[in-house]
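A.B. asks: Below are the structure tokens for one structure; questions will follow.
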Amino acid sequence: MFHRNRSPLMLTVLMAAIMVSPAATAELPEVMDNPSAIRILLSSELETTLSSQMNGTLGELNASLGKTVKKGELIASLNCLEAQARSKVASAELAMARQNLNAKKSLRKLDAVGDLEVAIASTEVQKAQGAESMAKAQSGYCSVVAPFSGRIAKVYVKSYQTVSAGTPLFDLVSDGALKVRLNVPSSLLPSLKEGMALTVDVHETGKRYPAHISAINARVDAVAQTIELEARLDQEYPDLIAGMSGTARIPTRDE
């Protein structure tokens, strides 16, 4: 009689058959059948996370997810009454130190004070100038402005939220043509050069775009035996955004 229990070997074979079913490999043929197709990722020229540089409470935000902002545009502000007050105090102390120095210089002409007292008064002016500069710099932290033109990719905070120094506020990605990042087998290194043309197929749009290699890393990944490349799309395409992925095809020597 035959037993209904399947052996471990048979179960392994069945699992392998399921894993290589057409549904599971539908997205892989291009890469598996074409060794010159390389996985790619689109990224912006510049991207950064803007953080709070001081402790404080946010006012109303002037930025939202996906919003386009220009370089220097105010996108958030913090309550700065305390910082502004410190700045006024520092300015007043500087004015007082300058008046004291002028008085010492006048007395020195009358031989009423010595050179040491004039030198000390001059040093007090320098200290007051430093304090004023620091206070003004801290007041500048109250405003969060865009360091470059681009779009808001993520918002971490809400209006009127209290934050501490170093708290992430926004992710900002720059406008302009996107970079193509890819890693190719190091065996292709002898045939690679800057300016070489390649084609990029983006999965999200289903379209093909021309590009050129713009940078080749100076070091090979010894573990993966690959080398990192950057490429530039030949022009800007409104339908592409950072984070999209796809494949790139590098022409072989026989093509």
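Residues -26 to -1, 1 to 229 in mature numbering (1 follows the signal peptide of the UniProt record, and there is no 0) are what the sequence shown lists, from first letter to last. Where is the CB? At the ideal position from N, CA and C, for every residue including glycine.
Taking C-alpha atoms, which residue in 146, 180, 117, 183 lies nearest to residue 54?
C.D. replies: Sequence index remark: in the sequence shown, residue 54 carries index 80 (1-based). Per the C-alpha coordinates, the member of 146, 180, 117, 183 positioned closest to residue 54 is 117.
A.B. asks: I'd like the ranges of any alpha helix (DSSP H) spanning at least 4 consecutive residues and lying wholly in the region 64 to 152.
C.D. replies: Correct list: 89 to 114.
A.B. asks: Just checking my contact of residue 266 with residue 124 at CB under 8 Å: how many whole Å lie between their CB atoms?
C.D. replies: For residue 266 there is no data in the structure shown, the boundaries of the chain being -26 and 229.
A.B. asks: Assign residue 181 to one of three DSSP states: helix, strand, or coil.
C.D. replies: Translated into positions along the sequence shown, residue 181 becomes position 207. It is a strand residue.
A.B. asks: For residue 175, report the span of its beta strand (DSSP E) as first-last.
C.D. replies: Taking the first residue of the sequence shown as 1, we reach residue 175 at position 201. 171 to 176 is the span of the beta strand (DSSP E), which, as asked, contains residue 175.
A.B. asks: With burial defined as no fewer than 16 other Cβ atoms inside 10 Å of the residue's Cβ, what is the status of residue 62: buried or exposed?
C.D. replies: Taking the sequence shown and counting its residues from 1, the one referred to as residue 62 is at position 88. Burial call: exposed.
A.B. asks: Does DSSP put residue 25 in a helix, in a strand, or in coil?
C.D. replies: Along the sequence shown, one-based indexing puts residue 25 at 51. Reduced to three states, the DSSP call for residue 25 is strand.
A.B. asks: Checking 9 Å against the spacing of the C-beta atoms, do residue 174 and residue 207 come in under that value?
C.D. replies: Reading the sequence shown from its first residue, position 200 is the one you call residue 174. Reading the sequence shown from its first residue, position 233 is the one you call residue 207. Yes.
A.B. asks: Near residue 40, which residues of its chain fall below 7 Å by C-beta distance, leaving aside the five closest residues on each side in sequence?
C.D. replies: Here residue 40 refers to the residue found at position 66 of the sequence shown. 125, 126.
A.B. asks: If contacts are defined as beta-carbon pairs under 8 Å, then residue 20 and residue 144 qualify, I think. What distance do you get, rounded to the angstrom?
C.D. replies: The residue given as residue 20 occupies position 46 in the sequence shown. The residue given as residue 144 occupies position 170 in the sequence shown. Incorrect: roughly 14 Å between the Cβ atoms, too far for contact.
A.B. asks: According to the neighbour-count rule (16 or more other Cβ atoms, all chains shown, within 10 Å of its Cβ), is residue 137 buried or exposed?
C.D. replies: Your numbering for residue 137 matches position 163 in the sequence shown. Its Cβ being crowded by 16 or more others within 10 Å, residue 137 is buried.
A.B. asks: Can you tell me whether DSSP reads residue 202 as helix, strand or coil?
C.D. replies: Position 228 of the sequence shown holds residue 202. Three-state DSSP puts residue 202 in a strand.
A.B. asks: With distance defined between alpha-carbon atoms, name the residue in 46, 48, 113 nearest to residue 29.
C.D. replies: To locate residue 29, count along the sequence shown from 1; it is residue 55. Here the closest residue by C-alpha is 113.
A.B. asks: Let me check one thing: in DSSP terms, what residues is residue 157 bridge-paired to?
C.D. replies: Position 183 of the sequence shown, counted from the start, is the residue given in the question as residue 157. In the DSSP output, where bridge partners are listed per residue, residue 157 has 202.
A.B. asks: Alpha carbon to alpha carbon, how far is residue 219 from residue 12? Give it in angstroms, no decimals.
C.D. replies: In the sequence shown, the residue the question calls residue 12 occupies position 38. In the sequence shown, the residue the question calls residue 219 occupies position 245. Cα to Cα, residue 12 sits roughly 11 Å from residue 219.
A.B. asks: Check each candidate in 78, 180, 106 and name the one with the smallest Cα separation from residue 69.
C.D. replies: Numbered from 1 along the sequence shown, position 95 holds the residue referred to as residue 69. Closest by alpha carbon: 106.
A.B. asks: How far does the beta strand (DSSP E) with residue 49 in it extend, from its first residue to its last?
C.D. replies: Position 75 of the sequence shown holds residue 49. From DSSP, the beta strand (DSSP E) with residue 49 extends over 48 to 51.
A.B. asks: Which whole-angstrom value is the C-beta distance of residue 71 and residue 43, which I expect to be below 8 Å?
C.D. replies: If you number the sequence shown from 1, residue 71 lands on position 97. If you number the sequence shown from 1, residue 43 lands on position 69. At roughly 41 Å, the Cβ-Cβ gap does not stay under 8 Å, so residue 71 and residue 43 are not in contact.
A.B. asks: Could you give the DSSP three-state label for residue 59: helix, strand or coil?
C.D. replies: Taking the first residue of the sequence shown as 1, we reach residue 59 at position 85. Here residue 59 carries a helix assignment [DSSP, helix/strand/coil].
A.B. asks: Can you give me the start and stop residues for the beta strand (DSSP E) that residue 15 sits inside?
C.D. replies: The sequence position of residue 15 within the sequence shown is 41, counting from 1. That run of the beta strand (DSSP E) goes 11 to 17.
A.B. asks: In whole angstroms, what is the alpha-carbon distance linking residue 171 and residue 180?
C.D. replies: As a working mapping, residue 171 is identified with position 197 in the sequence shown. As a working mapping, residue 180 is identified with position 206 in the sequence shown. Approximately 20 Å, taken between the alpha carbons.
A.B. asks: Report buried or exposed for residue 90, applying the criterion of at least 16 other Cβ atoms within 10 angstroms of its Cβ.
C.D. replies: Taking the first residue of the sequence shown as position 1, residue 90 is located at position 116. Flag for residue 90 reads exposed.
A.B. asks: Residue 83 to residue 76, Cα distance in whole Å?
C.D. replies: In the sequence shown, counting from the first residue as 1, residue 83 sits at position 109. In the sequence shown, counting from the first residue as 1, residue 76 sits at position 102. Using only the alpha carbons, I get a separation of about 11 Å.
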